[in-house]
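Asker: Going by UniProt numbering, the residue at position 61 of the sequence shown is 61; the numbering climbs one at a time, nothing skipped.
We treat Cβ as the ideally placed atom computed from N, Cα and C, and that holds for glycine.
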Amino acid sequence: MWVYIMADRYRGAMYLDITAHLGARVRQHRCGDGSDFCRGYGLDRLVWAERAGSAAEAIGHEKRLKKWRREWKSALIERGNPEWADLFDLVG
């Protein structure tokens with residue numbers, strides 16, 4: 001399982017979710033089939049992803065992160081991806 005964040009640009013709109021198949025899920029977002037939110041805001045850039053040990057861990061981590069302030073999520077992304085580069089090629 002994966003917890004991941006999609007974005008449209010540096011410090012832009014963010015979408016946080018979980019999936020078992022990260023590459024396939026990101027491809028869905030890029031084709032406009034992943035979520036209405038991503039399609040509506042043009043979120044097609046994978047900017048952060050973290051593997052979870054189980055579905056329960058992924059769900060718990062997702063719920064915690066969704067409660068975080070935007071600045072905290074941005075800082076989390078920038079620790080490993082300061083330019084908010086698209087990481088899809090690393091996982092796709």
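Could you check what DSSP says for W48 in three-state terms: helix, strand or coil?
Answerer: Looking up residue 48 in the sequence shown gives position 48. Three-state result, W48: strand.
Asker: Are the CB atoms of L46 and Y4 nearer to each other than 9 Å?
Answerer: Locating residue 46 in the sequence shown gives position 46, counting from the first residue. Locating residue 4 in the sequence shown gives position 4, counting from the first residue. Closer than 9 Å, so yes.
Asker: Is it the case that the stretch 54-72 contacts the stretch 22-32, given that we only count it when at least three CB pairs across the two stretches are under 8 Å?
Answerer: Verdict: no, contact absent.
Asker: Which class does A58 belong to by DSSP, given the choice of helix, strand or coil?
Answerer: In the sequence shown, the residue the question calls residue 58 occupies position 58. The answer is helix: DSSP assigns A58 an H, G or I state.
Asker: Please tell me whether A55 and M1 are closer than 9 Å, where the distance is taken between their beta carbons.
Answerer: Indexing the sequence shown from 1 puts residue 55 at position 55. Indexing the sequence shown from 1 puts residue 1 at position 1. Their beta carbons are under 9 Å apart, which means A55 touches M1 by this criterion.
Asker: Compare the C-alpha of I18 against each of Y10, E57, D36 and D8 and name the closest.
Answerer: Within the sequence shown, the letter at position 18 stands for residue 18. Nearest option by C-alpha distance: E57.
Asker: Express the C-alpha separation of L90 and K66 in angstroms, rounding to a whole number.
Answerer: Counting from one through the sequence shown, the residue named residue 66 turns up at place 66. Counting from one through the sequence shown, the residue named residue 90 turns up at place 90. Approximately 24 Å, taken between the alpha carbons.
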